[in-house]
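Novice: Read in full-length UniProt numbering, the sequence shown has 57 at position 57, and its numbers run on one by one without any break. Using N, Cα and C, we set each Cβ at its ideal position, and we do this for glycine too. Remember, it's a predicted structure, so these values are computed and weren't measured experimentally.
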Amino acid sequence: MSNDIQPTQKHLSIDWIESNSQTESVKKGNFLGRTVAQINPNEREQNRTNSKLELGETLSMLANTELSNAILSFEKDSAQSLLNRKAQVIATNRQMS
């Protein structure tokens, strides 16, 4: 590890410098006793759009899970017979070896 390049005050990462300069130029306000940064309307709209897409994907996954569970509960006898058949095949293979 002695050969690793370590950041120093003279050699800070570009990301840190950019984020630091951005936070200095951002308007700051006070909300419920805390200092908060006020984002611009375009960034707010982009965040809302991304949140809606993420929510849509999550709801879709939940709906697919619910549908799968409904199918499995409806076909409970078929699922049980498949499980029994699988257990029978495994038992037969163990007896042969």
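Could you name the residues that DSSP lists as bridge partners for Thr35?
Specialist: Looking up residue 35 in the sequence shown gives position 35. Thr35 pairs with Asn30.
Novice: From Met61 to Leu55, what distance separates their C-alpha atoms?
Specialist: Your numbering for residue 61 matches position 61 in the sequence shown. Your numbering for residue 55 matches position 55 in the sequence shown. Taking the straight line from one Cα to the other gives about 10 Å.
Novice: What is the DSSP secondary structure of Met1, reduced to helix, strand or coil?
Specialist: The residue you call residue 1 lines up with position 1 of the sequence shown. Note on Met1: pLDDT 47, under 50, position unreliable in the model; the coordinate value appears next. Coil, per DSSP.
Novice: Have a look at Asn47 and Asn40 and give me their C-alpha separation to the nearest angstrom.
Specialist: Along the sequence shown, read from residue 1 onward, the residue named residue 47 stands at position 47. Along the sequence shown, read from residue 1 onward, the residue named residue 40 stands at position 40. For Asn47 and Asn40, the distance between alpha carbons rounds to 11 Å.
Novice: Between Ala63 and Leu72, is the Cβ-Cβ spacing less than 8 Å?
Specialist: Numbered from its first residue, the sequence shown carries residue 63 at position 63. Numbered from its first residue, the sequence shown carries residue 72 at position 72. Not closer than 8 Å, so no.
Novice: In whole angstroms, what separates the C-alpha of Asn30 from that of Glu43?
Specialist: As a working note, residue 30 is residue 30 in the sequence shown. As a working note, residue 43 is residue 43 in the sequence shown. Approximately 20 Å, taken between the alpha carbons.
Novice: Rounded C-beta distance between Gln38 and Lys27? I'm assuming under 8 Å.
Specialist: For the purposes of this step, residue 38 is taken as the residue at position 38 of the sequence shown. For the purposes of this step, residue 27 is taken as the residue at position 27 of the sequence shown. At roughly 4 Å, the Cβ-Cβ gap stays under 8 Å, so Gln38 and Lys27 are in contact.
Novice: Can you tell me the Cα-Cα spacing of Leu32 and Asn69, whole angstroms?
Specialist: Position 32 of the sequence shown, counted from the start, is the residue given in the question as residue 32. Position 69 of the sequence shown, counted from the start, is the residue given in the question as residue 69. Roughly 44 Å between the two C-alpha positions.
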